[in-house]
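Asks:
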Ligand SMILES: [Zn+2]
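Residue numbers (this note's numbering): 1 to 261.
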């Protein structure tokens, strides 16, 4: 499957005709090429996926490499494709002498580990164990690869280990945290979500994203921010998000002192 090139025109057409539904674009041998294509689809780098922001894409693990999945979202009020999900699952324990079951809340990928497709919507599932009624999360993956609780727990454990490993040496100054209740909170969240799929997005992408989501005020602030700069088009969306956080922090500082100038 991965040896032939993807017919992007045909794929984009299929996506457009079934708005909001994710389809597999292609499977790439390396994660780098998969990531690059997903980014290109999000940012409208490829003519088939223009204008920028009309399509959302995500690269994720596939049995044969890295799968890119995408959906057409133009005119739909959809958040970016989720990367992870938190579920409540039963842990029956594997160590000898362990009895009973406990429910644990774990974070796992929102993507099927076999094909990279979206995991199904979570619903409550009642079950009885040793006479006790319990509720766990259950879901059905549209791709047909059904998850198993044991594997889900193992995935969550691997993930938790990875997070603590990569959490420390982040050279970029870590995450961008929107100011709660800030004027630009929603705008910052939008950009941060978009950066997950397109970490190198430029200011143009951020501005368009804000416009399209009705964050006019934030878009104006962004325009003012880059207006004077000679390297305006090279300003990163990341810098834009940081700038909006900065504005909100200043505003928060103003109100917390109770002052008005
Ligand atoms: Zn699958």
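From the three backbone atoms N, C-alpha and C, an ideal C-beta is built for every residue, glycine too.
Measure the alpha-carbon distance for residue 93 versus residue 175 and round it to whole angstroms.
Replies: Against the chain shown, residue 93 aligns to sequence position 93. Against the chain shown, residue 175 aligns to sequence position 175. Looking at the two C-alpha atoms, the distance is approximately 34 Å.
Asks: If residue 46 and residue 40 are in contact, beta carbons under 8 Å, what's the gap, nearest whole angstrom?
Replies: Taking the chain shown and counting its residues from 1, the one referred to as residue 46 is at position 46. Taking the chain shown and counting its residues from 1, the one referred to as residue 40 is at position 40. That pair is a contact at about 5 Å.
Asks: Near residue 185, which residues of its chain fall below 8 Å by C-beta distance, leaving aside the five closest residues on each side in sequence?
Replies: Along the chain shown, read from residue 1 onward, the residue named residue 185 stands at position 185. Taken in chain order, the residues that qualify are 178, 179, 248.
Asks: Within a Cβ cutoff of 6 Å, which residues of the same chain sit near residue 50, ignoring the five residues on either side of it in sequence?
Replies: Indexing the chain shown from 1 puts residue 50 at position 50. Answer for residue 50: 44, listed in chain order.
Asks: From 25, 19, 14, pick the residue whose C-alpha is nearest to that of residue 4; which is it?
Replies: Residue numbering aside, residue 4 sits at position 4 when the chain shown is read from its first letter. If we check each option's Cα against that of residue 4, 25 comes out closest.
Asks: Ligand 1 and residue 65: does any heavy atom of the ligand fall closer than 7 Å to the residue's C-beta?
Replies: Sequence index remark: in the chain shown, residue 65 carries index 65 (1-based). Not under cutoff, so the answer is no.
Asks: According to the neighbour-count rule (16 or more other Cβ atoms, all chains shown, within 10 Å of its Cβ), is residue 17 buried or exposed?
Replies: Counting from one through the chain shown, the residue named residue 17 turns up at place 17. The residue is exposed, with fewer than 16 neighbouring Cβ atoms inside 10 Å.
Asks: Give the straight-line distance between the Cα atoms of residue 150 and residue 91, rounded to the nearest whole angstrom.
Replies: Translated into positions along the chain shown, residue 150 becomes position 150. Translated into positions along the chain shown, residue 91 becomes position 91. Computed Cα separation, rounded: 8 Å.
Asks: Report the three-state DSSP secondary structure of residue 204 (helix, strand or coil).
Replies: The residue labelled residue 204 in the question sits at position 204 within the chain shown. If DSSP states are grouped into helix, strand and coil, residue 204 belongs with the helices.
Asks: Taking Cβ to Cβ, would you say residue 140 is nearer than 8 Å to residue 116?
Replies: The residue given as residue 140 occupies position 140 in the chain shown. The residue given as residue 116 occupies position 116 in the chain shown. No, these two residues do not count as a Cβ contact at 8 Å.
Asks: Looking at ligand 1, does it come within less than 7 Å of residue 145, judged from the CB to the closest heavy atom?
Replies: Position 145 of the chain shown, counting from 1, holds the residue named residue 145. Within the cutoff, so yes.
Asks: Ligand 1 and residue 114: does the residue's C-beta get closer than 7 Å to at least one heavy atom of that ligand?
Replies: The count along the chain shown starts at 1 and reaches residue 114 at position 114. True, at least one ligand heavy atom lies under 7 Å from that Cβ.
Asks: From residue 218 to residue 187, what distance separates their C-alpha atoms?
Replies: Walking along the chain shown from the start, residue 218 turns up at place 218. Walking along the chain shown from the start, residue 187 turns up at place 187. Going by the C-alpha atoms only, they are around 6 Å apart.
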